Amino acid sequence: MSVLIVDYNLSNLGSIRRSIEECGVSPVVSNDPGKLKTASRIVLPGVGSFTDGMANLREMGWAPALREAAMEDRIPLLGICLGMQLLAEKGEEGGTVGGLKLIPGEVRRFAPEDSSTRIPHVGWNEVWKASGNHLFEGIPDGSDFYFVHSYHFIPRRKEHILATTPYCGNFVSAIGVGNIFGVQFHPEKSGRPGFQILKNFLKA
Amino acid sequence: MLKVRVIPTLLWKDPGLVKGVGFDSWRRVGTVMPAIKVYNTRQVDELIVLDISATSECRVPDYESIEEFSAECFIPLTVGGGVRSLEVIRGLLRAGADKVAINTAAYECPGLIREAAEKFGSQCVVASIDARRNSNGDHECFSMCGSKATGKEAGAWAREVERLGAGEILVTSVERDGTMQGYDLDLLKRVTDGVRIPVIASGGAGNYQHMVEAVTLAGCSAVAAASIFHFTHQTPMEAKEYLSSRGVPVRNVNVHGGSR
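Line by line, the protein sequences are chains L and S.
Residues in the first sequence are numbered consecutively from 285, following this note's numbering.
Residues in the second sequence are numbered consecutively from 295, following this note's numbering.
Spelled out as structure tokens, the structure:
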């Protein structure tokens, strides 16, 4: 098992690296897209804005390499937070910008109807499964995970929704198409259910 | 439903964990690392670690220590103290901080909040506001760990940091700090009424009812506390049980030793 954590100069990589180590695997943090070929799992973390994230992925050569690894080599890929959002076709944070286009859909800012709803969505909230994906195996429905974000992924196709979370109506908190997964919450900061997600991904 | 967070605050000075009263009379209460390990094991909702002397000593944060803390912390970690440039923010995020708290530098250079939000996203920018009531009854913001008056009114400054792009506001009452007499609800309400971003109450918690009040009367999204956890037998888990019994949504209540 060789887990590659994509370092594109934006993220808190320490927590995700340590969490994967706690799952019993030593991941490699790399800024070299050439390393994707030999990876058996890819984690795309992310803190920051969609525009900066995509700019860095493009400048560092990650964008085409990630597409190839996920679409052609079918290496399981997990996007976390901004990393999930970057899987979309486009995002509107910092102007409309194209994404990695790995899962059809777009990323939009929360638009709460109720003025008492505070944005960003920060804190622990429930994750309710929408389908029986193995990513959520062993995790009770409605478990709390840690979120911190103002934008959310709106997938074009319902069957790509793995889980939703009750905030601003209901938003999509996990998506998946084949070997490509995205979670809006931070499994590396969500205690036991978070570790379970990572373990399930590593087992996938 | 989004849960209300109970957040222990760890104040860090030299190598020790300290707690004072009114931002003064610092008393050593232990070391930081064991406290982080205990809170991590007990699955608290989040931790705030503030290096209270970094700014006054004009030094950058101790990234190595932050890296050690974060390595043992699988819950969200907010780090503050000495955050005065984008480079420092990048360094802290690299070291494992999930969010950074900006206080003094925001008054000196408000553009820092905007640039940080643009670069790293609003979600990791916490504006920390320390305020004390002045003779007119207004709440005035203080920088430099509560020592320097800024002339800014807390409610107005909160709106300003929201406009600049802060994703959350940590509001601490300087005169209630360490007294355990309850949060300054008036101060908190002035802030929560004016902004749409989440607000964390800080300074003065002495019992669980104070926490309920910060949420139900002052509209806060989270409650931070230090003395109550250092100097009494009260715990974050019991706090959440109490909040839950008063109808405040919290996480992981009545599930000791595990998460649901």
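The beta carbon of each residue, even a glycine, is placed where N, CA and C say it ideally should be.
On a predicted model such as this, the values are computed, not experimentally measured, just so you know.
Discussion item. According to DSSP, is S286(L) part of a helix, a strand, or is it coil?
Written reply: As a working mapping, residue 286(L) is identified with position 2 in the first sequence. DSSP places S286(L) in coil when its eight states are reduced to three.
Worksheet entry | Candidates A519(S), G375(S), R321(S) and C367(S), of which the one nearest D345(S) by Cα | Translated into positions along the second sequence, residue 345(S) becomes position 51. With distances taken between Cα atoms, D345(S) lies closest to G375(S).
Practice prompt. State the DSSP-derived secondary structure class of H444(L), mapped to helix, strand or coil.
Written response: Locating residue 444(L) in the first sequence gives position 160, where the first residue counts as 1. Helix, per DSSP.
Fill in: Per-residue contacts from R545(S) into chain L (C-beta, under 8 Å)
Walking along the second sequence from the start, residue 545(S) turns up at place 251. Those are W408 and D428, listed as they occur along chain L.
Item to complete: List the endpoints of the continuous alpha helix (DSSP H) containing F363(S).
Response: In the second sequence, residue 363(S) corresponds to position 69, counting from 1. Y357 to A365 is the extent of the alpha helix (DSSP H) around F363(S).
Discussion item. Can you tell me whether R378(S) is buried or exposed? The criterion is at least 16 other CB atoms within 10 Å of its CB, across all chains shown.
Written reply: As a position in the second sequence, residue 378(S) is number 84, starting the count at 1. That one is buried.
Discussion item. Buried or exposed for G382(L), going by 16 or more other Cβ atoms inside 10 Å?
Written reply: The residue labelled residue 382(L) in the question sits at position 98 within the first sequence. The residue in question, G382(L), is exposed, as its Cβ has fewer than 16 Cβ neighbours within 10 Å.
Worksheet item: Do you know offhand how far D398(L)'s Cα is from P329(L)'s?
Response: For the purposes of this step, residue 398(L) is taken as the residue at position 114 of the first sequence. For the purposes of this step, residue 329(L) is taken as the residue at position 45 of the first sequence. About 31 Å.
Discussion item. Output needed in chain order: residues of the segment 442–461 of chain L with a Cβ under 8 Å from some Cβ in chain S.
Written reply: P450 and Y451
Item to complete: Please confirm if E462(S) has its CB atom under 8 Å from at least one CB of chain L.
Response: Residue mapping note: residue 462(S) aligns to position 168 of the second sequence, counting from 1. It does: the Cβ of E462(S) has a partner Cβ on chain L nearer than 8 Å.
Worksheet entry | Residues that F455(L) bridges to, as DSSP identifies them | Here residue 455(L) is taken as the residue at index 171 of the first sequence, counted from 1. The partner list for F455(L) (beta bridge, DSSP) reads T449(L).
Worksheet item: Would you call the segment 369–377 of chain L and the segment 317–335 of chain L touching, i.e. three or more CB-CB distances under 8 Å?
Response: yes
Worksheet entry | Given S319(S) as reference, the closest of C439(S), S359(S) and I383(S) once Cα atoms are compared | By one-based count along the second sequence, residue 319(S) stands at place 25. Of the candidates C439(S), S359(S) and I383(S), the one whose C-alpha sits nearest the C-alpha of S319(S) is C439(S).
Practice prompt. Identify whether I300(L) lies in helix, strand or coil by the three-state DSSP scheme.
Written response: Working through the first sequence from its first residue, we reach residue 300(L) at position 16. Note: I300(L) maps to helix in three-state DSSP.
Worksheet item: Since S364(S) meets chain L, which of its residues come closer than 9 Å, beta carbon to beta carbon?
Response: Counted from its first residue, the second sequence places residue 364(S) at position 70. Within 9 Å Cβ-Cβ: N296, G298, S299 and R302.
Worksheet item: Residues in the segment 386–412 of chain L with C-beta within 9 Å of chain S's C-beta atoms, listed in sequence order?
Response: P396, S399, S400, T401, R402, I403, P404, H405, V406, G407, W408, N409 and E410
Worksheet entry | Backbone CA spacing between V312(L) and R384(S) [nearest angstrom] | Within the first sequence, residue 312(L) is the residue found at index 28, counting from 1. Within the second sequence, residue 384(S) is the residue found at index 90, counting from 1. Distance between the alpha carbons of V312(L) and R384(S) is about 20 Å.
Practice prompt. For chain L, find out if any of its Cβ atoms is closer than 8 Å to the Cβ of I423(S); answer yes or no.
Written response: As a first step, residue 423(S) must be located in the second sequence, where it is residue number 129. Not one chain L Cβ lies under 8 Å of I423(S).
Item to complete: Keeping to the same chain, check which residues put their C-beta closer than 7 Å to that of R554(S); ignore five residues upstream and five downstream.
Response: Numbered from its first residue, the second sequence carries residue 554(S) at position 260. With a pLDDT of only 35 at R554(S), under the threshold of 50, the placement of this residue in the model should not be trusted, and no figure is reported.
Item to complete: Return the CA-CA distance between L370(L) and I464(L), expressed in angstroms with no decimal places.
Response: Counting from 1 along the first sequence, the entry for residue 370(L) is found at position 86. Counting from 1 along the first sequence, the entry for residue 464(L) is found at position 180. Taking the straight line joining both Cα atoms gives about 12 Å.
Discussion item. Check whether chain S comes within 8 Å of K374(L), counting only Cβ atoms and requiring the distance to be less than that.
Written reply: Residue numbering aside, residue 374(L) sits at position 90 when the first sequence is read from its first letter. Judged by the 8 Å Cβ criterion, K374(L) is not in contact with chain S.
Discussion item. Just to check my reading of the structure: I300(L) and I359(L) have Cβ atoms closer than 8 Å, yes? What is that Cβ distance to the nearest angstrom?
Written reply: What you label residue 300(L) is simply residue 16 of the first sequence in a count that begins at 1. What you label residue 359(L) is simply residue 75 of the first sequence in a count that begins at 1. So it is not a contact: roughly 17 Å between Cβ atoms.
Worksheet item: In terms of alpha-carbon separation, which member of Y536(S), C352(S) and V332(S) lies closest to H524(S)?
Response: One-based indexing of the second sequence puts residue 524(S) at position 230. Nearest option by C-alpha distance: V332(S).
Worksheet item: Can we say the segment 391–408 of chain S touches the segment 454–465 of chain S, given the rule of at least three CB pairs closer than 8 Å?
Response: yes
Worksheet item: Does H433(L) have its Cβ less than 8 Å from a Cβ in chain S?
Response: Here residue 433(L) is taken as the residue at index 149 of the first sequence, counted from 1. Interface residue, yes.
Worksheet item: Which of the residues in the segment 386–411 of chain S, read from start to end, lie with their CB under 8 Å from any CB of chain L?
Response: L387, R388, A389, G390, A391, D392 and K393
Worksheet entry | the segment 456–472 of chain L / the segment 413–429 of chain L touching (three or more Cβ pairs under 8 Å) | yes
Practice prompt. In angstroms with no decimal places, state the Cα-to-Cα distance between N334(S) and N430(S).
Written response: For the purposes of this step, residue 334(S) is identified with residue 40 of the second sequence, where counting begins at 1. For the purposes of this step, residue 430(S) is identified with residue 136 of the second sequence, where counting begins at 1. For N334(S) and N430(S), the distance between alpha carbons rounds to 43 Å.
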